[in-house]
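Anchor point for the sequence shown: position 188 equals 188 in full-length UniProt numbering, and the numbering is continuous, going up by one each time. Below is one structure, written out as structure tokens; comments come after it.
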Amino acid sequence: MGFRAYAEAIASAIRGGSPPQFTVGIYGSWGSGKSSLLNAIRAELAKDPDVLTVPFDAWRYERADHIVVPMLNAIYHASPELNDEKLTDKVRSALASVVRSVTISFGPISMDPGALLDTDAPDEGYAAALNSAYVRPYMDMKAIGSALAKRRIVVLVDDLDRCSPDKVVSLLEAINLVLDVPGFVFVLALDYDVLVRAVTAKYPHTSGHVFIEKMVQVPFRVPRLDISRNSSFKSSSPDGSRPRVRCQQTSAR
């Protein structure tokens, strides 16, 4: 569909973005070519041995009790390093911890698990809940990042906007937690308006637009292409140069 130039630019941003813990949003309506662009990005990233790509079709697991479980399992099974016997227990602990963190939902709030390690909470029950929901998963996920050394783990999520609002928000909350661990990059291909409605449906008093803007550091809207007039399409730039995609790092929470 003429997305090669965009795929190359986005893949370059993923490989070079620093620190390596951010989210890329590929926005487009149904039939706009989001999945095709996602596949093209995956093909570009596959050329780099320092990048581990993990494709995840969210719609396939719509009926799962906790949609985050198959996503984390996909990460686990995608890398030979994580299947080392010495790391198996840590990885399983990480998976279980993140699932618990999503089950104990505190809503779309701003949270820094690393900072919580040095925080004295006045209420012991509240502190215990925070530890279970955020601190322990954060430490366990760091074990996965450390196991993969300098490799970037790029999770390519497709068809999330086809899931129910609860499943959409549940996965976003899990991704938000994982983003606190260096080494993880997420690429979400979805319909922006559907995503906003899903967040608003789960949290009526929260702005879906603000939530998404804080979570997605590299937004990209799929251009509308007229195939009949762009059979030799190479780039949307007037001079035919490759489009530029900038990674502006902000807080992921």
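Glycine included, each C-beta is placed from N, C-alpha and C at the ideal position. Every value quoted in this text rests on a predicted model; they were computed, and no experiment measured them.
Simplified DSSP assignment, three categories, for residue i
| i | result |
| --- | --- |
| GLN191 | The residue asked about is misnamed: residue 191 is Asp in this sequence, not Gln. The answer is coil: DSSP assigns ASP191 none of H, G, I, E or B. |
| GLY25 | strand |
| ASP50 | coil |
| ARG151 | coil |
| PRO19 | coil |
Environment of residue i [buried if 16+ CB atoms lie within 10 Å]
| i | result |
| --- | --- |
| VAL210 | exposed |
| SER18 | exposed |
| ASP65 | exposed |
| LYS34 | buried |
| GLY25 | buried |
| ASN176 | buried |
| ALA46 | exposed |
| GLY31 | exposed |
Span of the alpha helix (DSSP H), counted from its first residue to its last, around residue i
| i | result |
| --- | --- |
| LEU171 | 165-178 |
| LEU72 | 68-78 |
| PHE211 | 208-215 |
| TYR61 | Careful: TYR61 lies outside any alpha helix (DSSP H) and carries neither H nor E. |
| ARG4 | 4-16 |
| SER36 | 34-45 |
Integer-rounded CB distance, given that residue j should sit under 8 Å from residue i
| i | j | result |
| --- | --- | --- |
| ASP48 | ARG4 | Contact doesn't hold; Cβ gap of about 16 Å is too wide. |
| ASP166 | LYS214 | Going by Cβ atoms, the distance from ASP166 to LYS214 rounds to 20 Å, so no, they are not a contact pair. |
Nonlocal neighbours in the same chain, by C-beta distance under 6 Å from residue i, ignoring five residues either side
| i | result |
| --- | --- |
| TYR192 | TYR27 |
| ASP50 | ARG151 |
| VAL187 | VAL24, LEU156 |
| THR200 | GLY208 |
Cβ shell of residue i (< 8 Å), same chain only, five flanking positions each side left out
| i | result |
| --- | --- |
| ARG162 | ALA58, TRP59, GLU62 |
| PHE56 | PRO70, MET71, ALA74, VAL155, LEU156, VAL157, ASP158 |
Continuous beta strand (DSSP E) stretch holding residue i: start and end
| i | result |
| --- | --- |
| ARG221 | 218-221 |
| LEU160 | Unbroken run through LEU160: none, as it is neither H nor E. |
Cβ-based neighbour list, residue i, same chain, cut-off 7 Å, excluding 5 preceding and 5 following
| i | result |
| --- | --- |
| PRO182 | PRO19, PRO20, GLN21, GLY145 |
| SER29 | ASP191 |
| ALA78 | LEU52, VAL54 |
| ARG42 | THR53, PRO55, LEU156 |
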